[in-house]
Amino acid sequence: MKKKNSMEKVLIVFLLINTTLIFAQKKDQKPKVEIDEKEIVRTGNDFYDQENYVEAEANYRKALKKNPNYEKANYNLGNAIYQQKKFKEALPMYELVSKTSEDKLSKAEAFHNMGNVMLKEKKYAQAIEAYKNALRNSSKDDETRYNLALAQKLLKKEQNQKEDNKDNKDKDKKENDKNEDKDKENKDNKDKNDKDKDKDKDKKGDNKDENKDQNKDKKDDKGDKDKDQKQPKPNPSQLSPQQVKQLLEAMNNEENKTQKKVNAKKAKGKKVKQEKDW
20 MKKKNSMEKV
30 LIVFLLINTT
40 LIFAQKKDQK
50 PKVEIDEKEI
60 VRTGNDFYDQ
70 ENYVEAEANY
80 RKALKKNPNY
90 EKANYNLGNA
100 IYQQKKFKEA
110 LPMYELVSKT
120 SEDKLSKAEA
130 FHNMGNVMLK
140 EKKYAQAIEA
150 YKNALRNSSK
160 DDETRYNLAL
170 AQKLLKKEQN
180 QKEDNKDNKD
190 KDKKENDKNE
200 DKDKENKDNK
210 DKNDKDKDKD
220 KDKKGDNKDE
230 NKDQNKDKKD
240 DKGDKDKDQK
250 QPKPNPSQLS
260 PQQVKQLLEA
270 MNNEENKTQK
280 KVNAKKAKGK
290 KVKQEKDW
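Going letter by letter, the sequence shown gives residues 20 to 297 in the numbering used here.
Structural data, given as structure tokens:
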């Protein structure tokens, strides 16, 4: 019984050792790249050197179709797309290399290009982080150091502009609030003036009505007075025919007396004509 248990233990240890070795071998193995795939990538590189980035992209994609894990094809594809100014499309290629590559220099190059994409997109904080990751894998890369300093400078400038815009916005807001208060004050004054005008108008209207009434009363009084003045006087009593006859005779007698006096006066004043002594 003990002998059997010993054999089982030996078998289990053997299996464990073999399993460990198998996993270790798989871990050390890299994706195998066939010669045909390498040739396709070299053709893509030739087009890239000729600045024919569209054909270069097509060849890199062709190589990746045959072998999706071909690290160099992924990186070069990212560069070909980047050169066509399709920055967002290039980013996943660099991210894949930065995560899967075991070579520090390849990682540094991938992070550097990621930083370039972020810089083009004006995402300065992310660009700074990418350049720092590149320097962690390759600390002596002067180009990365320069790009890092540039990204930091642009980020600082952006932050200052935001602060200035915020200050200007606050200043404009205060100015607008001040203008609104002034407009409100002017409106209140206008409303008050309008009310005062309405009061004066109403008061003037009342005075006008009062004057109108007074004038009307005066007019009515004058009218009554004129009416009284224009009333016809009572006719005198009519004379009897006998009285009329006596009045006419008296008037004739008086007229005759007056005529005699006039004639007598004329006769008395008349000069005698005399002959002249020559």
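Even glycine gets a Cβ: it sits at the ideal position worked out from N, Cα and C.
Nearest to residue i by alpha carbon, out of the options?
i	options	result
Lys104	Thr163, Lys211 and Asn132	Asn132
Leu110	Glu90, Asn88 and Gly134	Gly134
Asp55	Asp65, Lys85 and Lys211	Lys85
Leaving out the 5 sequence neighbours to the left and right, which residues in its chain are closer than 6 Å to residue i when beta-carbon positions are compared?
i	result
Leu167	Tyr150
Thr163	His131, Tyr150, Ala153 and Leu154
Leu173	Tyr143
Leu115	Asn93
With 16 other CB atoms within 10 Å as the buried threshold, where does residue i fall?
i	result
Glu177	exposed
Tyr67	buried
Asn179	exposed
Tyr165	exposed
Glu194	exposed
Phe33	A caution first: Phe33 carries a pLDDT of 47, below 50, which makes its placement in the model unreliable, though a value can still be read off. Flag for Phe33 reads exposed.
Leu138	buried
Ala170	buried
Met270	exposed
Asn205	exposed
Thr277	exposed
Glu199	exposed
Met112	buried
Glu76	buried
Excluding sequence positions up to five away, which residues of its chain have a Cβ less than 7 Å from the Cβ of residue i?
i	result
Leu83	Tyr89, Ala92, Asn93 and Leu96
Asp215	none
Lys192	none
Phe106	Val136, Lys139 and Glu140
Lys185	none
Given residue i, which residues of its chain have a CB within under 8 Å of its CB, disregarding the five upstream and five downstream residues?
i	result
Asn78	Ile59, Val60, Thr62, Gly63 and Phe66
Glu53	Lys85 and Asn86
Glu108	Ile100
Ser117	Lys126, Ala129, Phe130, Met133 and Asn152
Asp160	Ala127, His131, Ala153 and Leu154
Using 8 Å as the threshold, is the region 156-171 in touch with the region 115-133, meaning 3 or more CB pairs across them?
-> yes
Looking at C-beta atoms only, is the number of pairs between the region 98-113 and the region 70-88 that lie closer than 8 Å three or more?
-> Look at the beta carbons and you see the region 98-113 touching the region 70-88: at least three pairs across the two are nearer than 8 Å.
Say whether the region 119-126 touches the region 138-148, bearing in mind that this needs 3 or more beta-carbon pairs closer than 8 Å, one atom from each stretch.
-> no
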